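Last residue of the sequence shown: 153 in the numbering used here, with the numbers rising by one and none dropped. Inspection log for the structure reproduced underneath, given as structure tokens.
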Amino acid sequence: MKSHIESIRKTRAFLLTSIGDLSIQELNKIPDGFNNNIIWNLGHLVASQQGICYIRAGLQPVIGENFVVKYKSGTKPEKFIDNDELDFIKNLLLSTLDQLESDYYNKTFSVYNSWTTRFGVELASIEDALNFLSFHEGLHLGTINSLRRLVKK
Numbered sequence: 001m002k003s004h005i006e007s008i009r010k011t012r013a014f015l016l017t018s019i020g021d022l023s024i025q026e027l028n029k030i031p032d033g034f035n036n037n038i039i040w041n042l043g044h045l046v047a048s049q050q051g052i053c054y055i056r057a058g059l060q061p062v063i064g065e066n067f068v069v070k071y072k073s074g075t076k077p078e079k080f081i082d083n084d085e086l087d088f089i090k091n092l093l094l095s096t097l098d099q100l101e102s103d104y105y106n107k108t109f110s111v112y113n114s115w116t117t118r119f120g121v122e123l124a125s126i127e128d129a130l131n132f133l134s135f136h137e138g139l140h141l142g143t144i145n146s147l148r149r150l151v152k153k
């Protein structure tokens, strides 16, 4: 499973590098045809990881439920995100992976409640969840790349 976590870590590091030249206004911009922005997608990656790995295992999210609720599927950006909050989200992208890796190897996920994603993928274990998380990260990397092209003209 270390390879799945490492793959997610590399994807997130690439993502952070790829948006490094965008202004806070560009990161907050919601282009026509979209219902969210780049910052929301970053927060969503963290919230989804917490939901898929921790909440589905019957555990409390390590970042707090308010963050998860704010960025879960079906939500939209509520307000302009300033640089301080953006830095907080960027930090969570990597720090939550460190915690996930530690918790995985400490066998924190001894129970996992089986469920089926909206993509029809059944997740019956934390290993399934980590495998799916890589797929989910890739989807949002594509979305962020599309948003980047639209806001950076």
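Every residue, glycine too, gets a C-beta built ideally from N, C-alpha and C. Note that this is a predicted model, so its numbers are computed, not measured.
- Message: Buried or exposed, going by whether 16 or more other CB atoms sit within 10 Å of the CB of A13?
- Response: Position 13 of the sequence shown, counted from the start, is the residue given in the question as residue 13. A13 is exposed by the Cβ-count criterion.
| query | Would DSSP call E78 helix, strand or coil? | reply | As a first step, residue 78 must be located in the sequence shown, where it is residue number 78. If DSSP states are grouped into helix, strand and coil, E78 belongs with coil.
Problem - Range of the contiguous alpha helix (DSSP H) that encloses F132 - result: In the sequence shown, counting from the first residue as 1, residue 132 sits at position 132. First-last of the alpha helix (DSSP H) with F132: I126 to V151.
- prompt: Taking buried to mean at least 16 other C-beta atoms within 10 Å of its own C-beta, is T116 buried or exposed?
  reply: In the sequence shown, the residue the question calls residue 116 occupies position 116. Exposed is the call here.
query = When the Cβ atoms of the stretch 36 to 55 are set against those of the stretch 134 to 147, are three or more pairs found closer than 8 angstroms?
reply = Touching, yes, given that three or more Cβ pairs across the two stretches are closer than 8 angstroms.
| What do you get for F80, buried or exposed, if any count of 16 or more other CB atoms within 10 angstroms of its CB means buried? | Indexing the sequence shown from 1 puts residue 80 at position 80. Counting C-beta atoms within 10 angstroms of its own C-beta, F80 has fewer than 16 neighbours from the protein chains shown and is therefore classed as exposed.
#### Entry: First through last residue of the alpha helix (DSSP H) which encompasses D103
Here residue 103 is taken as the residue at index 103 of the sequence shown, counted from 1. Note, D103: alpha helix (DSSP H), N83 to Y105.
Worksheet item: Would DSSP call L59 helix, strand or coil?
Response: Residue 59 sits at position 59 when you count from the first residue of the sequence shown. The answer is coil: DSSP assigns L59 none of H, G, I, E or B.
**Asked** Between the Cα of P61 and the Cα atoms of D128, Q99, Y105 and K2, which residue gives the shortest distance?
**Response** Counting from one through the sequence shown, the residue named residue 61 turns up at place 61. Shortest Cα-Cα distance from P61 to any of D128, Q99, Y105 and K2 involves Q99.
Following a CB-centred definition, is L150 positioned closer than 7 angstroms to any heavy atom of the ligand ADP? Ligands in the displayed structure: none, and consequently the ligand ADP is not present.
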